[in-house]
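Structure first, then comments.
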Amino acid sequence: MIWSDVEQSFSRAVAFSFSKKKMLLTFPTLALCGMMAVFCRAVAFDASDWVAMSLGFLPILVSSGVLLALGVLLIRIHYHEVKGLHLSFKRLLSGSIDLLMGTSYLSVPPILAYFFLWMALGVFYLLGEIPGIGGFFSSVLAFGPFLLVFGAILLCLFNIALLFFVAPIVAAQGTKRISITKRLFGFFQGKILTSIALFFLALTPILFTTGLLILAAFLSSTVQEKSLSVAIQWFFVMLPFSFVLTPAVIFFFNFAAESYQLLQPKHS
Numbered sequence: 091m092i093w094s095d096v097e098q099s100f101s102r103a104v105a106f107s108f109s110k111k112k113m114l115l116t117f118p119t120l121a122l123c124g125m126m127a128v129f130c131r132a133v134a135f136d137a138s139d140w141v142a143m144s145l146g147f148l149p150i151l152v153s154s155g156v157l158l159a160l161g162v163l164l165i166r167i168h169y170h171e172v173k174g175l176h177l178s179f180k181r182l183l184s185g186s187i188d189l190l191m192g193t194s195y196l197s198v199p200p201i202l203a204y205f206f207l208w209m210a211l212g213v214f215y216l217l218g219e220i221p222g223i224g225g226f227f228s229s230v231l232a233f234g235p236f237l238l239v240f241g242a243i244l245l246c247l248f249n250i251a252l253l254f255f256v257a258p259i260v261a262a263q264g265t266k267r268i269s270i271t272k273r274l275f276g277f278f279q280g281k282i283l284t285s286i287a288l289f290f291l292a293l294t295p296i297l298f299t300t301g302l303l304i305l306a307a308f309l310s311s312t313v314q315e316k317s318l319s320v321a322i323q324w325f326f327v328m329l330p331f332s333f334v335l336t337p338a339v340i341f342f343f344n345f346a347a348e349s350y351q352l353l354q355p356k357h358s
C-alpha cells in the first residue's frame, strides 16, 4: 500500500458520500440515535450527578449497535456502487436481515462492561454521602471515580473503533465470531500504525463537523429551567444536526470499506 492508494480510496469514499440511497438510510438512523440522546439529556437534567454521568455515556454505547447495523448496510451499498451495480432497497434488506441480527451481540459486551463501571462508580458516590466521613472518603478515594470515568471514555472510543474495523468484515464475510476475530488480528499484524492512521483519517470529518455543530448549538441555545423545555429544544436542534452530520457518517463507513481493501495482504 502506497500513499496514492490511500488518496484514491479517500477520493472514492468522498465521491460516494452523497448517495441518495445511503442518505435515506443514514439520516433516519442518526435521528433515532439523536432522539435517544435527547431523552437521556432530558432525564439527566434534574437527576443526581451519578445518574446524569451515566446517561451521558449510555446513548453512545447503545447507539453503537444501531450504527454497526447501519454500517453493514452502507458498506454493502458502497461495494455495489463502486462496481456500478444496481441494488434495490428490498434486495438489500432481505439479504442483510441475518447479518443485522448477528451484529446485535457485538454491542452487548461493551454495554454490560459499562453497567459494571456505572455500578462501581455508584459505590464511590454512596461512600461520599456518608454523614461525617463522606468528605474524607471523597478526597482519599478520588482516584476511583477518575479511573472509572476514564474507563468509560476508553469504552466509547473502543466502540467507535469497532464500527470502523468490524463493519467491513461483517459486510464481507458474515458474523462468525472466529472469522471476525481472525480478521481483526489480521488487520493489526504488522499494520498497527497504518490501521490507526486510517481510522483517525476516517474519523476526521465527523469530529470536525460535530465540533462546528456543537459550537453552533451552544452559541444559539437559551437556558431552560425545565427538563421538558430542554427536551423540546434539543429535539428540534437534533434534526438539522443529524442531517448535516449524515455525509460525514457515510464517509466514515465508505472509508472503512476502502481501508478494509487496502489492508488486505495483496495491498501490502
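Those letters in the sequence shown? Residues 91 to 358, by our numbering.
Think of the CB as a built atom: it goes at the ideal place given N, C-alpha and C, for glycine as much as any other residue.
Given the structure is predicted, the values throughout are model-derived calculations rather than measurements.
Quick check on residue i: does DSSP put it in helix, strand or coil?
i	result
Phe-129	helix
Phe-106	coil
Leu-177	coil
Asp-136	coil
Gln-354	coil
Ile-92	coil
If you follow the alpha helix (DSSP H) that residue i is part of, which residue opens it and which one closes it?
i	result
His-170	139-173
Pro-221	It is not in any alpha helix (DSSP H) - Pro-221 carries neither H nor E in the DSSP assignment.
Ile-263	Looking at the sequence shown, residue 263 is not Ile but Gln. It spans 233-263 - the alpha helix (DSSP H) in which Gln-263 sits, taken as one unbroken run.
Ile-286	282-310
Do residue i and residue j have their C-beta atoms closer together than 8 Å?
i	j	result
Leu-253	Gly-146	no
Phe-205	Gly-218	no
Leu-335	Thr-299	yes
Ala-103	Phe-341	yes
Leu-114	Ala-257	no
Val-96	Leu-122	no
Tyr-215	Trp-140	yes
Phe-343	Phe-100	no
Pro-200	Ser-154	yes
Leu-245	Leu-148	no
Leu-288	Ser-349	yes
When we look at the beta-carbon of residue i and count the other beta-carbons within 10 Å, is it buried (16 or more) or exposed?
i	result
Pro-337	buried
Met-328	buried
Trp-324	buried
Ala-105	exposed
Pro-235	buried
Ala-292	buried
His-357	Interpretation of His-357 is limited by its pLDDT of 42, a score under 50 that renders its predicted location unreliable; no figure is taken from the coordinates.
Ser-311	exposed
Below 8 Å, can you find three or more Cβ-Cβ pairs linking the region 192-211 to the region 165-178?
no
At least three beta-carbon pairs within less than 8 Å, the region 221-241 to the region 123-135:
no
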